[in-house]
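Residue numbers (my numbering), protein chains in the order written: chain A, 752 to 1087; chain B, 752 to 1087; chain C, 78 to 469; chain D, 78 to 469.
Scroll down for the structure; my scribbles are underneath it.
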Amino acid sequence: MTQMTFARAINSGLRKSLENDPKVILMGEDIGALGGVFRVTDGLQKDFGTHRVVDTPLAESGIMGTAVGLAYRGYRPVVEIQFDGFIYAAFDQIVCQVAKFHYRTQGAVKMPLTIRVPFGGGIGSPEFHSESPEAYFTHTSGLRVVSPSNPQDAHVMIQQAISCDDPVLYFEPKRRYHDKGEVDESLDAAGALSMEKARVVADGSDVTLVAYGPLVKTARDAATAAADEGVSVEVIDLRSLAPVDYATVEASVRKTGRLVITHEASQSGGLGAEVAASITERCFYHLEAAPVRITGFDVPYPYSKLEMHHLPSLDRILDGVDRALGRPNSLSGREG
Amino acid sequence: MTQMTFARAINSGLRKSLENDPKVILMGEDIGALGGVFRVTDGLQKDFGTHRVVDTPLAESGIMGTAVGLAYRGYRPVVEIQFDGFIYAAFDQIVCQVAKFHYRTQGAVKMPLTIRVPFGGGIGSPEFHSESPEAYFTHTSGLRVVSPSNPQDAHVMIQQAISCDDPVLYFEPKRRYHDKGEVDESLDAAGALSMEKARVVADGSDVTLVAYGPLVKTARDAATAAADEGVSVEVIDLRSLAPVDYATVEASVRKTGRLVITHEASQSGGLGAEVAASITERCFYHLEAAPVRITGFDVPYPYSKLEMHHLPSLDRILDGVDRALGRPNSLSGREG
Amino acid sequence: MLTDELGQGGTAAEGPGNRAEHQGRTSGNLVQLITPAGERVSHPEYDPWVQDVTDEQLCSLYEDLVVIRRIDTEATALQRQGELALWPPLLGQEASQIGSARTLRDDDFVFPSYRDNGVAYCRGIKLTDIIRVWRGNAAGGWDPYTVNMATSQIVIGSQTLHATGYAMGIQNDGADSVAITYFGDGATSEGDVNEAMVFAASFQAPVVFFCQNNHWAISEPVRLQSHIHIADRAAGFGIPSMRVDGNDVLAVMAATRVALDRARRGGGPTFIEAVTYRMGPHTTADDPTRYRDANELEDWAAKDPIRRVKALLDRKGLLTEKLEAAVQQKADAVAREMRSGCINMPDPEPLDVFKHVYSTPNSWLDRQQDHYARYLASFGDPAGAASEEGAH
Amino acid sequence: MLTDELGQGGTAAEGPGNRAEHQGRTSGNLVQLITPAGERVSHPEYDPWVQDVTDEQLCSLYEDLVVIRRIDTEATALQRQGELALWPPLLGQEASQIGSARTLRDDDFVFPSYRDNGVAYCRGIKLTDIIRVWRGNAAGGWDPYTVNMATSQIVIGSQTLHATGYAMGIQNDGADSVAITYFGDGATSEGDVNEAMVFAASFQAPVVFFCQNNHWAISEPVRLQSHIHIADRAAGFGIPSMRVDGNDVLAVMAATRVALDRARRGGGPTFIEAVTYRMGPHTTADDPTRYRDANELEDWAAKDPIRRVKALLDRKGLLTEKLEAAVQQKADAVAREMRSGCINMPDPEPLDVFKHVYSTPNSWLDRQQDHYARYLASFGDPAGAASEEGAH
Ligand SMILES: Cc1ncc(C[n+]2csc(CCOP(=O)(O)OP(=O)(O)O)c2C)c(N)n1
Ligand SMILES: Cc1ncc(C[n+]2csc(CCOP(=O)(O)OP(=O)(O)O)c2C)c(N)n1
Ligand SMILES: [Mg+2]
Ligand SMILES: [Mg+2]
């Protein structure tokens, strides 16, 4: 076990993948000498060379499209998109090509791409540096989407993503990059909990609180705060956003009868809607209240002086917990 | 009142917009001499000239980005994306620019773009010609998204979209292009039902069936078939997909207590999830069963010999109605 | 029809590929080795690259041209008869496709568009596989790795990036094979094609950009995409280019060999503009009378790629009755094989709709498949029940 | 600082813009009118375009250069002091920005990137407005229509399409104004920039592509984007280009006027590569010591754009103490104004988060706003309660 930051834990996972499989190749803007704008690839080009860790021209569709070609040739490209807001230029290649080649070729051509995306807000950045575009990808068949919430998971899940034969979007909660945690680097990625499984990170009995990526910490803090008020919150870290491990969520909701979901992305059409709808389908008669969504608003990610209003905070989550429980809350007296 | 096809009804609406406002300008691939691959712009270049009806180079991001520039200059561009599957190349410009300029400039710069997208399947086409990408846009703040289901609405709503000061995605159900209907061309777009409002297209009392675009016809047929079995289905044509007119849906569900939603797009993260979640929030205690989604599967749009399995059919919708009503159905005995 | 039966041509190191003319911008002169009248004209730079083409091989090229046109005609007929959902004819572009594809080695890799079915034939792809996707029976017709050719790309220009990435992989592997990508004049306007040139130039990847300028992108004339020669685009990326008569099978071969040779020797990418003409509609769903002048067609008919090879063979005394009969027989056989392969193609099973989306199980999809199987079962006869409405 | 105080220069019809050299490819020769040592060198083609620049105007250009550098220094300081969230320095690129922006007419329209704050200054944009977005107080700093300049674009290359579309609008309107777009060397790799050239060439739109090749895209050297001169890219699209010393304010002015003049007269787009250098970090968040050689910085310091104008003024006997004092005073005043504008900028109100998303009411958003207002109200003190956690 070693104490390391979230960013370092990914770096170390990337290093192990580069060591273990000569077909792994990292691509992106500024990932070489600079080590990426967040230093996640720090030192890797120095140690593995410019053919394994490739600084690319400034063209996201080009990066993704050439990564597709490399995968065609048998490589396992790990693409870094510098910031969440710049993935849209690669959207066409991701949705039409990356996601569909396996299907198009009846399984002959595999697309073991990993697409790393630092995502989410809370770091006081300008436009396009704080977005949460995950719902665009969870709605895209052919892709898998994951998001780690802590250094240990980050370390293991990046390796699992790289060794997965399907394309994986790997969303890194950038405001957690500097968070430290214990990481067991000897943990065998194959032996560790599958990246497809959700994890109950706090047991509780009154309400189920579902979060992922950057908000897992906030959700846990909220559970601790709720406990002070005598409310027992079960917190689930989704880890996999597509597919969602509904079995784990369902088991919890069958127990608690109440569900709160939180994410930074805008509410309408966000992953929260999908989780609410699916859990309602699966255990409607166990639900004692409508699932509650505490999310970003339906606005472009706001400029930094306003971002704390957009981002789900501990207090907003607690207000949602109260709503799910039918306790006094900011909307008391209204249905939904 | 004139009998005309769905395609012709749009054509006639475009013509009126071109006549009424010199700032309206049509752009797209093959929309000139050819009149578009579906002939929706037939004859318009001949009558309004190459400066009003512009055949563009083959570059979707280029079309969208120059349309943004034209809007900046005070024009009202109406962009045709030739097929649903080719909108992704323009995704970056739509999500980062079209949707955000009004916000970015504190309202100084308006983006009165209309983006016409023939969408959906059922016409036996190859890959990328049958997609339903609407959920990507309903999740994008700053955009409005509509879809007409019949010639009269198509005629009026295209004019409403063009005169709207916000950007509007206008999804045209291509397999209905040849359907005929009565169109009152004298109907004043300002006086007609707002494109933001849903419409109850069949009254019923047992279950609410929500559809839009191509599936409204199928939903109405399903309601007729259900009536034979003594089940009264209320059919709602959403018309506006973002924002959804929840007031209308909610009123119906408060009455019926049951909800079925259908769309061609893949299920996970589709608009159905959003409708299910929002209606559950709004009237949980009026719901007698979980909302049911009858949708395309989580697969790339299949090749044409399989598309009838992917597309929600009358029978699948009826099966969903039975499920919502707790009547015997293909999943009887399972919760959800 | 054999790939690379014509060898690699010339002595690589001394070839014109090394000369300055090829390293920089194209002069704008159209490379031509056979005139429309079938006269073999000499060209000091390009002749060496086809000097190994024997009379026998010339006859074989002729056969391919005829066979491919026959495939195109037969597929169009199958579409008219309702056996194919759609077909994108390559009528008029035979020489561009045969001339380039026949210079490839087996270990080269092709990234085509939807119209490159002549190339597919040269790669040895089964006729049934070529039309599978156009009948609506598959998302892609063949296993790319068995023939080293990707399946048809429908998103315009996308494949040029795949080819470039693949070429970067070749380079990493230290191999001397080449990736070649086919695309149209319209495609040159897409960002992806331009980004592909950026990457190819930056990494000096062994990729050949083969643009068939057939003068039309559906209804849009090439001048809407560019006021200058398409080949001139490449120079701005630092990529050498050639402008070649795309209706001249020898000229196309020579130019492609120049490009392949450069790529194999580490000289990086090359751009070829094959100037040709789409004699048919864009696809069987198109009606070109709405937008193009019949005179244009006539002009180009006079430059037909097959007629000129035939005339050349005639001049050389090679156009025997025996050859004509053999070629005819081959074309007939191919057409028959394609037709029967088409008509007898088994329909997919309903649950195939869930296949191959992922390479490993996916809980969302598995559940949907399970539900749909139950739904089908609820009718007793699975396939029948579900197919009833769908396409309303 | 006044826009177009220098007039339009030369007699348009006879200018070098009409000569063949400008219509086709650039020769690759760097246009220079002032040497790094401050010597005014003559250039028969470009001299006419700046012959109207008086001594007084030269002094005013000098003032702008100094003021803009001061703005840059002050903004960097404000960032270090925590008053700005971020700042992208333009240190070293002053001549490119001033030289080009000062040739514009009021009715021309600018589509900039994030680094073009010197251009913003020339357009008369208020200092507080320039930094508003960098403090995190707004998504865009100003109303584009009051100054005919769009707000900063962060998505690399995107704005080149907006400029091209705007220019198409100018053309439709029959006006003789011009759209000019600023972007970097890195941006030239993006599909959008290349598509912008396709559209500009196809429609012969009155747009100027002004590329500041500052040799770096964050940590990536320009050779990763292109092995050949950036200016050469344009020829492949049929767009004439010029390669100009971007640290030479007069050369930049001359080249920009050639381009503007061509556009006004219906001659279509022009591409200008201003060869300059980013002397500072990419942004205040960057650490260039990780990737670039200190020697390179030294080399470029010797070509400083301000020093050479100063030397020229000195040679001309114009560098008086009075001038120096006046310039200094102006720079101080500007810095003071910016600092106080920054520090006194009022924070937004919590509910501003819902503002300006749509131009007409939106039921989804209205409901969310209503709920959030109730939520805030439930704490009594709205703003305080909500700001507590967010950024954890
Ligand atoms: C990204 C994209 N946009 C639009 C289309 C629709 N489309 C199909 S073929 C075609 C024209 C292509 O022209 P060109 O590149 O010259 O190739 P050709 O068809 O002439 O072989 C268009 C616009 C598409 N398939 N993909
Ligand atoms: C589409 C997109 N990709 C990546 C980025 C991140 N990024 C910001 S600036 C920059 C480098 C731009 O270099 P250049 O175009 O040369 O402009 P300069 O910063 O040198 O002025 C990058 C990669 C971005 N803003 N947009
Ligand atoms: Mg073409
Ligand atoms: Mg730069």
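Every residue gets a Cβ at the ideal spot worked out from N, C-alpha and C, and that includes glycine.
Does the distance from the C-beta atom of residue i to that of residue j stay below 8 angstroms?
i, j, result
"C/LEU161", "C/ARG146", "no"
"A/GLY875", "A/SER1055", "yes"
"C/GLY217", "A/ARG855", "yes"
"D/GLY315", "D/ASN291", "no"
"B/VAL897", "B/LEU992", "yes"
"D/GLY195", "D/ILE175", "yes"
"C/SER279", "D/LEU301", "yes"
"A/GLY871", "A/LYS925", "yes"
"D/TYR53", "D/PRO346", "The structure shown does not extend to residue 53 of chain D, since chain D is modelled only from 78 to 469, so the question has no answer here."
"D/ALA172", "D/ASP325", "yes"
Within the present structure, is the beta-carbon of residue i separated from the nearest heavy atom of ligand 3 by less than 7 angstroms?
i, result
"C/TRP293", "yes"
"C/GLY242", "no"
Over what stretch of residues does the beta strand (DSSP E) that includes residue i continue unbroken?
i, result
"B/GLN754", "753-756"
"B/ILE744", "Residue coverage of chain B in this structure runs from 752 to 1087, which leaves residue 744 of chain B outside it and unanswerable."
"C/GLY261", "256-261"
"A/GLY932", "931-934"
"D/ASN290", "284-290"
Taking residue i as part of the alpha helix (DSSP H), name the residues at either end of that continuous run.
i, result
"D/GLU401", "398-420"
"B/CYS847", "Run containing B/CYS847: none; DSSP gives neither H nor E here."
"B/PHE870", "It is not in any alpha helix (DSSP H) - B/PHE870 instead sits in the beta strand (DSSP E) that spans 865-870."
State yes or no: is the C-beta of residue i nearer than 7 angstroms to some heavy atom of ligand 2?
i, result
"B/VAL1050", "no"
Got a sec: does ligand 1 put a non-hydrogen atom nearer than 7 angstroms to the Cβ of residue i?
i, result
"B/LEU809", "yes"
"C/ALA264", "yes"
"B/GLU780", "yes"
"A/HIS1014", "no"
"C/HIS359", "yes"
How about residue i: is its Cβ closer than 7 angstroms to a heavy atom in ligand 4?
i, result
"D/ARG355", "yes"
"D/GLY261", "yes"
Mind checking the stretch 1019-1036 of chain B against chain A and listing, in chain order, the residues whose C-beta falls within less than 8 angstroms of any C-beta there? Per Cβ criterion, the list reads SER1019, GLY1020, GLY1021, LEU1022, GLY1023, ALA1024, GLU1025, ALA1027, ALA1028, SER1029, THR1031, GLU1032, ARG1033, CYS1034, PHE1035, TYR1036.
Cβ contact (3+ pairs, closer than 8 angstroms) linking the stretch 215-229 of chain D and the stretch 274-283 of chain D: Contact fails: fewer than three Cβ-Cβ distances are below 8 angstroms.
Mind listing which residues of the stretch 398-432 of chain D have their C-beta closer than 7 angstroms to chain A's C-betas, in chain order? Residues ASP424, PRO425, PRO427, ASP429, VAL430, PHE431.
Within 8 angstroms, do at least three Cβ pairs link the stretch 244-260 of chain D to the stretch 178-186 of chain D? A contact exists between the stretch 178-186 of chain D and the stretch 244-260 of chain D.
Please list, in chain order, the residues of the stretch 794-825 of chain A that have any C-beta partner in chain D closer than 9 angstroms. Within the stretch 794-825 of chain A, the residues whose Cβ lies closer than 9 angstroms to some Cβ of chain D are ASP806, THR807, PRO808, LEU809, ALA810, GLU811, SER812, GLY813, listed in chain order.
Stretch pair the stretch 1077-1085 of chain A + the stretch 876-896 of chain B: three plus CB contacts closer than 8 angstroms: These segments do not touch.
Can you find at least 3 beta carbon pairs, one from the stretch 1016-1026 of chain A and one from the stretch 1039-1056 of chain A, that sit closer than 8 angstroms? Flag = yes, the stretch 1016-1026 of chain A and the stretch 1039-1056 of chain A touch.
Segment contact, 8 angstroms Cβ cut-off, at least three pairs: the stretch 1014-1021 of chain B with the stretch 399-412 of chain C: Touching, no, given that fewer than three Cβ pairs across the two stretches are closer than 8 angstroms.
Quick one, which residues of the stretch 888-913 of chain A are near chain C if we go by CB-CB under 8 angstroms, in chain order? The stretch 888-913 of chain A vs chain C, Cβ under 8 angstroms: SER892, GLY893, ARG895.
Does the pairing of the stretch 331-340 of chain D with the stretch 842-851 of chain A give three or more beta-carbon distances under 8 angstroms? These segments do not touch.
Stretch-stretch touch, CB-based, cutoff 8 angstroms, three pairs: the stretch 774-791 of chain A with the stretch 817-836 of chain A: In short, these stretches touch, since the Cβ pair count reaches three.
Just by C-beta distance, which residues in the stretch 837-865 of chain B are closer than 8 angstroms to chain D? Cβ contacts with chain D: ASP843, GLN844, CYS847, GLN848, LYS851, HIS853, TYR854, ARG855, THR856, GLN857, GLY858, ALA859, VAL860, LYS861.
Taking a cut of 7 angstroms between CB atoms, which residues from the stretch 272-300 of chain C lie near chain D? Here the close residues are GLU272, VAL275, ALA278, SER279.
When you check each C-beta in the stretch 1072-1086 of chain B against every C-beta of chain D, which residues fall closer than 8 angstroms? When CB distances to chain D are screened at a threshold of 8 angstroms, not a single residue of the stretch 1072-1086 of chain B falls below it.
Three-pair Cβ contact test at 8 angstroms for the stretch 1057-1071 of chain B versus the stretch 1030-1038 of chain B: Counting Cβ pairs under 8 angstroms, fewer than three are found: no touch.
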